[in-house]
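Here the structure is laid out as structure tokens; the discussion comes afterwards.
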Amino acid sequence: MDHQNPAIDQQPEINITVPASRQLHRRELRKPAQFSFDELYISPFRQKRQYDNEGQWKYVDFPRDLQPTGIHVMDDLLQYLMQGNSSLERFATEQGLTVAEVSALVFVLTGIRCRRFQQLYQVRLIDDLLRFTDLEYEEVAQRAGIGTRFNLFRTIQREHQMSASRRRAYLRQNNDEGRFLL
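Oh and the sequence shown: position 47 is 46 in numbering that gives the first Met the number 0, straight run, nothing missing.
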């Protein structure tokens, strides 16, 4: 004998309609974003290792485009994040803007919500620092704007589902450590 609960089987489908005015977090650009994340990322490294014909190496300046958009506020934000700063509120105030205005600018240019863009930037910084330096985890966290070692571990776990030491080993290739200088 089948003992199914008819009350469960006959539950009506719940359909909640959210007014359009409350759906701002679901925005999508109707045209492709003007910039991809990769086009806007500014490496924290100032020099790179270069080998000559005899196999000797020296460090040379690493070219970085510190103004990839040509839009002063956005370029200032990118440099702010690259320097390990994380307070969007402080950045907005320094620019004479609101966080909402900065967020709108980031979204219009990238199609990525501002807080997510900031997280992606921090994760990319973390990956670069883990791969190319021998910095302690605490310093990686500070330079990436994450703050503490605990936050670093939590961020790596959230984004990559692995530990920081495992992420470093996963990223690092032969001769990567010291390939770039901060």
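For every residue, glycine included, the Cβ atom is placed at its ideal position computed from N, Cα and C.
Taking 8 Å as the threshold (C-beta atoms), are residue j and residue i in contact?
| i | j | result |
| --- | --- | --- |
| Leu-181 | Tyr-120 | no |
| Leu-108 | Leu-77 | no |
| Ala-140 | Leu-124 | no |
| Asp-126 | Leu-87 | no |
| Glu-85 | Gly-144 | The residue you asked about is not Glu; residue 85 is Ser in the sequence shown. Taking 8 Å as the Cβ cut-off, Ser-85 and Gly-144 qualify as a contacting pair. |
| Phe-131 | Glu-100 | no |
Since residue i is in the beta strand (DSSP E), which residue starts that stretch and which ends it?
| i | result |
| --- | --- |
| Asp-60 | 56–60 |
| Arg-63 | Note, Arg-63: premise wrong, no beta strand (DSSP E); not H, not E. |
| Arg-48 | 46–50 |
Nearest by alpha-carbon distance to residue i: which of the options is it?
| i | options | result |
| --- | --- | --- |
| Ser-42 | Gly-95, Arg-115, Val-139 and Gln-82 | Gln-82 |
| Leu-96 | Asp-126, Leu-65, Val-72 and Ser-162 | Val-72 |
| Arg-182 | Gly-54, Asp-51, Tyr-50 and Asp-37 | No answer is possible for residue 182: the residues shown for the chain start at 0 and end at 181. |
| Asp-27 | His-159, Arg-165, Val-105 and Phe-90 | Checking the sequence, you will find Glu at residue 27 rather than Asp. Comparing Cα-Cα distances from Glu-27 to each of His-159, Arg-165, Val-105 and Phe-90, the minimum goes to Val-105. |
Count the other CB atoms, across all protein chains shown, that sit within 10 Å of the CB of residue i; report buried if there are 16 or more and exposed otherwise.
| i | result |
| --- | --- |
| Gln-117 | buried |
| Thr-154 | buried |
| Thr-147 | exposed |
Tell me, please, whether the CB atom of residue i is closer than 8 Å to any CB atom in chain D?
| i | result |
| --- | --- |
| Glu-53 | Here chain D cannot be found, since the structure has a single protein chain. |
Name the two residues that bound the continuous alpha helix (DSSP H) containing residue i.
| i | result |
| --- | --- |
| Glu-176 | Unbroken run through Glu-176: none, as it is neither H nor E. |
| Ser-164 | 163–170 |
| Asp-39 | The identity of residue 39 in the sequence shown is Leu, whereas the question assumes Asp. First-last of the alpha helix (DSSP H) with Leu-39: 36–39. |
| Ala-91 | 87–94 |
| Leu-104 | 98–109 |
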